[in-house]
Structure formats: structure tokens, C-alpha cells
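I have placed the structure first, in the form of C-alpha cells, so that the comments after it can refer back to it.
There are 2 protein chains.
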Amino acid sequence: MTSRRLIIADDLRRQITTGRLGPGDRLPSESALADRYKVSTATLRSALAVLQGEGLVEKIHGKGNFVRRPLRKITYVGGWGTLDPRTAADVDLRVTVRTTALPARGHLTALLKVDDGSPLTEFLRLSYEGESPHSLARVYVPRDLTPTTALSNRSSRTWAEASFSVPDPPPAEVHETVSARLPTPDEASTLRINTALAVLAITRVAADNTGRVIEAALLVFPGDRVDAVFSTHHVIEERQAHR
Amino acid sequence: MTSRRLIIADDLRRQITTGRLGPGDRLPSESALADRYKVSTATLRSALAVLQGEGLVEKIHGKGNFVRRPLRKITYVGGWGTLDPRTAADVDLRVTVRTTALPARGHLTALLKVDDGSPLTEFLRLSYEGESPHSLARVYVPRDLTPTTALSNRSSRTWAEASFSVPDPPPAEVHETVSARLPTPDEASTLRINTALAVLAITRVAADNTGRVIEAALLVFPGDRVDAVFSTHHVIEERQAHR
DNA sequence: CAGTGGTCTAGACCACGCG
DNA sequence: GCGTGGTCTAGACCACTGT
Numbered sequence: 044m045t046s047r048r049l050i051i052a053d054d055l056r057r058q059i060t061t062g063r064l065g066p067g068d069r070l071p072s073e074s075a076l077a078d079r080y081k082v083s084t085a086t087l088r089s090a091l092a093v094l095q096g097e098g099l100v101e102k103i104h105g106k107g108n109f110v111r112r113p114l115r116k117i118t119y120v121g122g123w124g125t126l127d128p129r130t131a132a133d134v135d136l137r138v139t140v141r142t143t144a145l146p147a148r149g150h151l152t153a154l155l156k157v158d159d160g161s162p163l164t165e166f167l168r169l170s171y172e173g174e175s176p177h178s179l180a181r182v183y184v185p186r187d188l189t190p191t192t193a194l195s196n197r198s199s200r201t202w203a204e205a206s207f208s209v210p211d212p213p214p215a216e217v218h219e220t221v222s223a224r225l226p227t228p229d230e231a232s233t234l235r236i237n238t239a240l241a242v243l244a245i246t247r248v249a250a251d252n253t254g255r256v257i258e259a260a261l262l263v264f265p266g267d268r269v270d271a272v273f274s275t276h277h278v279i280e281e282r283q284a285h286r
Numbered sequence: 044m045t046s047r048r049l050i051i052a053d054d055l056r057r058q059i060t061t062g063r064l065g066p067g068d069r070l071p072s073e074s075a076l077a078d079r080y081k082v083s084t085a086t087l088r089s090a091l092a093v094l095q096g097e098g099l100v101e102k103i104h105g106k107g108n109f110v111r112r113p114l115r116k117i118t119y120v121g122g123w124g125t126l127d128p129r130t131a132a133d134v135d136l137r138v139t140v141r142t143t144a145l146p147a148r149g150h151l152t153a154l155l156k157v158d159d160g161s162p163l164t165e166f167l168r169l170s171y172e173g174e175s176p177h178s179l180a181r182v183y184v185p186r187d188l189t190p191t192t193a194l195s196n197r198s199s200r201t202w203a204e205a206s207f208s209v210p211d212p213p214p215a216e217v218h219e220t221v222s223a224r225l226p227t228p229d230e231a232s233t234l235r236i237n238t239a240l241a242v243l244a245i246t247r248v249a250a251d252n253t254g255r256v257i258e259a260a261l262l263v264f265p266g267d268r269v270d271a272v273f274s275t276h277h278v279i280e281e282r283q284a285h286r
């Protein structure tokens, strides 16, 4: 009854979790594994797909299947969500940013509550943990609220570091919508993950105390690398109680 | 360059989004579609897998492939997360609950901060929107905090409705950890979703004002049906600022 | 029973990485 | 060039649904 691909997946998973295959190790080639388990390559590949979905195995075209390094889950902290400083300090996070000027269109007008065509700045931010891409963020800010440093000729590295700090003025209200989905082909190749691995997508909208939206961010994290944590305390409960 | 399965997926997706195929419609059989697109059945099935991952198509063994009803996304509200009452009122949500007594083991002892073997009550809660399962929750409560109604012979329906309200005493602190992943085979069959569709998994721990954990909940939602929304206001920001 | 999807085979050929 | 994974074929056989 249990399909062969699940039996094979279980066997390989056991070898990984018990340490017979360590992080970074290359698995035998797919044809070798297919021979060993006496199945066709298609069946073997579907077994590996299970492990990819669990984030245990990474496939690299032309090189092989590799056991992923144990995932140090990084915590995204809601509220003013950047990365948890404690975690971020532990981890070598490099960030690249591409800055683009563009007019508001479509969903962005609704998210930012601005008119169609209103000038925006987009920051396409890609963070790396060591070699592998770790998260993708598209951040939109009204042009007049964009820090001048970001628009000057200074290196984007400067802005990148600044972007981890709380903006000025600080947001009075932050709404975050969290969803789970599969990555788009674009996102999958940018993050170098398989399209079978779920991603955590967070849409974060921050407003100042006048209700003006000062930033909208579309964040994408590989599901096996990031958890999002939200904490609420009684002050919030009281407010929500008479909703 | 673009693979055939993506071309076929795009074509079928267009037929669905433009209304040429409506919600509930059955697609032609896989062999008929394979003939039409001049591909093998394996290729055609991989094209359908793309649409399943997007939640557009539901496969039913022995019957066919069906266009899913447009997803009224239901909003899970963080903080004291039940379902948004406004949304829940719109939707015919039925709930079944299975109640089990069990001792704390493994992860549960850490989550609930109780000793190994400490008595717990588990509520396995499955909610339906019309015919199709909508969410799966495993809720753990220390035995001495379990409402007596839940342990009596009353119908589980009573408890089901009660479980949507805020418990007494109300939690002083709620921590929610959100992650995106693929469903386990068990979860997929319980929720009647494909294993290729991402789920939103939320671990919610609620404590009273003495710090005692009064409830731990493991919630699983199909990614295409539920978004989780978290809102924070300046009072929270100030607290987090001097972290 | 007939018709559907689910799993699997034993290949072929293509695209990528590296020496 | 060689070995790797990526895509695809043209079937076979099994499992589920409804008549």
C-alpha cells in the first residue's frame, strides 16, 4: 500500500537524521540510487522530491543531490519586523539592494493608499546567509519619504545596513498578512530553492500616527529557514476584546 | 526553453481565470488532455500539479480534475486567534471535535511547560466550510483547566462552539509561531488537499498572567484558503524598542 | 463493469558544471 | 567530454468511483 517513493524517502531521511549522511554530503547519483533501490529514475526522483519539500536535500543541476546544512531557523519578529537582532548577530547576513524609481500601479496603490501613478521608490532586497540566498524583500516607499542617502550615489551597502533599523518617524501601526504558498518560478530561482518548497510570504504595511502609509513590504522566506513569531500582551487583548 | 508542462499549465490557467472553465467544472480526462496537447500522460499530470499547487484545481481519484470554487480567503486573526468573526459569520463553518485524554510527552512538555507525563486534554478540531475541510487544529490544555463540559457526555458540538470564544481566565500573553511547509501525508488526507499545496502552520501558546501556559494549539490551514493577519500598535513598538 | 486518476517502468534526449 | 540532474515518452498495471 505504501508507495515505493515514500519507502525510499523514509530510508534516505533516516540516513540523514541519524547522521549516516552529514550536512553538505553528496548523495549517490540518481541513477546509482535507482539501481540500489531497484526502481526507475522517475520513481527515485519523486522520492527525492519529498525530501526537497522538507528542506533536507538540495538539488544542484549538473552536480548532484546534497544534504542541506542543518537549518538554523531564523526568526522574523512581527511588529516591526526585521530579523531578530539576537539571531541576526549569530548569522553572517549579507544584503544586496537594488533601488528603482517607479510609479504606483495596481495592487501597490491600494496597499500604500496613494493615487495611481504616484511616485514610489522600490528596494529589491536580497539577503544571504553565507553562500545561499536567505530572503527576498520588495519594499515600496513613497518618494518623498525615501531617505536621500538611498537615492544618492552612495553604495547600496550603506542603505542596506540602515534598512535594518527602525525608520524615522517610527511606524504607529503595522499590519502584517502572512500566507503560505509555493514560490513563483522567479522567486524559486532567485532564492535558489526548489519550486516544491513552500515559502512564507508576508505583506507588511506600516503607517505613521496620521494613518499615512510610510512603507509597504512584500517579504518572501523559504519555509524551511524562517519562522515568524508574533507576541501579544494583555494591552492588546483588551483593545481587541471589544472589537 | 519554457517547459511544456508550464505552457500547458498556463493555457489551462487562462481557461480557468477567463471563465471558460467555471468553478466546479470537471476538466477533460487526463488522457484526453494528453491527446489534445500531444504530450504523454506524465507530462500532462505534471502540468496539473502546477495548478494544484496554486489551489486552482482539485483532483479526485476515480472522478476527475475539477476547478476549485473561488477561494474566499478566511482570515485568521493573531493575538487571540480564532477566526475573524466577520468572516466566520459569512461562511458556513461546521466543526467537529474529538476529545482525548493523554499524558504530556516530547515537544508538548516544552510547549506547555509541564512535567513529562503530566495529564493533558487534546482536542482534535476539524472545521468544514460546506463540504470541504477547512482547517485542522490540535489543541492541548492541562487537565485541571479543561472545561468540565468538554469532559462530560454532552455533544461535542457544544464544546465546538464554546471553543471559538475567549477562554476564562483570558490569556495575558499569546505567542504565535508561523511557518510555511508542505502537509504531512496525514494532514493532506484529512484536509483533502494535495501534498503539493503549501500549508500555513501556526503554533499558538497562551499563558495567563502568572506565566502559566493555559493552552497550546497546533493549527494547520491550507495555504490557498487562509491568511493570517497580525496588527501591532505603538504601545507594542515602545516595548520592543528597548529590547 | 467502464472510466477515472495513481504509480511505476525503461528508456531517450537535453541542459548544466567542471575538469 | 563526461557525469550530473531535468524533461519527456509510450506505455503497463493498480486503486477508486459510479452504474
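Chains as they are written, first to last, in the numbering used here: chain S, 44 to 286; chain B, 44 to 286. All C-beta atoms in this analysis are idealised placements derived from N, C-alpha and C, irrespective of residue type, glycine included.
- Counting along the chain, no alpha helix (DSSP H) covers B/R148, and no H or E run does either.
- The C-beta of B/L243 comes closer than 8 Å to at least one C-beta of chain S.
- One thing to note: S/Q95 has its Cβ within 8 Å of the Cβ of S/N237.
- For B/P214, the three-state secondary structure derived from DSSP is coil.
- Straight across, the Cα-Cα distance linking S/P176 with B/G107 is about 39 Å.
- Counting other Cβ atoms within 10 Å of its Cβ, B/A223 reaches 16 or more and is therefore classed as buried.
- No Cβ-Cβ contact shorter than 8 Å links B/R247 with B/K116.
- Boundaries around B/I117 are those of the beta strand (DSSP E), 117-120, since no alpha helix (DSSP H) includes it.
- Counting C-beta pairs closer than 8 Å gives three or more between the segment 47-57 of chain B and the segment 83-90 of chain B, which meets the contact rule.
- Each of S/S72, S/L151, S/L261, S/S274 was checked against the Cα of S/H104, and the nearest Cα belongs to S/S72.
- When the Cα atoms are used, B/L155 and B/D187 turn out to be separated by approximately 13 Å.
- Taking C-beta atoms as the reference points, S/L99 and S/V82 fail to come closer than 8 Å.
- Per DSSP, B/P265 is one residue of the beta strand (DSSP E) stretching across 256-265.
- For the options B/D54, B/L163, B/T142, the alpha carbon positioned closest to that of B/R148 is the one of B/L163.
- Scanning chain S for C-beta atoms nearer than 7 Å to the C-beta of B/L225 yields G96, A241, reported in chain order.
- Here S/A153 is exposed. Its C-beta has fewer than 16 other C-beta atoms within 10 Å.
- Annotated three-state conformation of B/R79 is helix, per DSSP.
- By the C-beta density criterion, S/A75 is exposed, having fewer than 16 other C-beta atoms within 10 angstroms.
- Separation of B/E216 and B/E258 (C-alpha to C-alpha, rounded to the nearest whole angstrom) is 11 Å.
- Exposure of S/S232 is indicated by the presence of fewer than 16 other C-beta atoms within 10 angstroms of its C-beta.
- Within the DSSP secondary-structure output, B/G107 pairs in a beta bridge with B/I103.
- B/F264 and S/G266 have their C-alpha atoms some 15 Å from each other.
- Bounds of the beta strand (DSSP E) holding S/V248 are 242-250.
- For S/S222, the nearest CB of chain B lies under 8 Å from its own CB, placing it at the interface with that chain.
- Residue contact with chain B for S/G254: absent (no Cβ-Cβ distance below 8 Å to any residue of chain B).
- A distance below 6 Å between beta-carbons, with the five flanking residues on each side excluded, links S/V184 to the following residues of its chain, in chain order: T164, E258.
- Shown here, B/A239 sits in coil according to DSSP, grouped into three states, outside any helix or strand.
- In its chain, beyond the 5 residues on either side, A92, Q95, G96 have a beta carbon closer than 6 Å to the beta carbon of B/A239.
- Distance from B/L225 to B/A271 at the Cβ level is roughly 18 Å; contact not present, criterion being Cβ atoms closer than 8 Å.
- S/H150 is not a Cβ neighbour of B/S274, given a cutoff of 8 Å.
- Residues are counted here when their Cβ sits less than 9 Å from a Cβ of chain S; for the segment 259-272 of chain B these are F264, P265, G266, D267, V269, D270, A271, V272, given in chain order.
- Annotation: B/A90 to B/E230 spans about 23 Å, alpha carbon to alpha carbon.
- Under the Cβ distance rule, S/G121 counts among the residues neighbouring chain B, one pair being separated by less than 8 Å.
- Buried is the label assigned to B/P214, since at least 16 other Cβ atoms lie within 10 Å of its Cβ.
- Looking at the DSSP output, S/S274 shares a beta bridge with B/H218.
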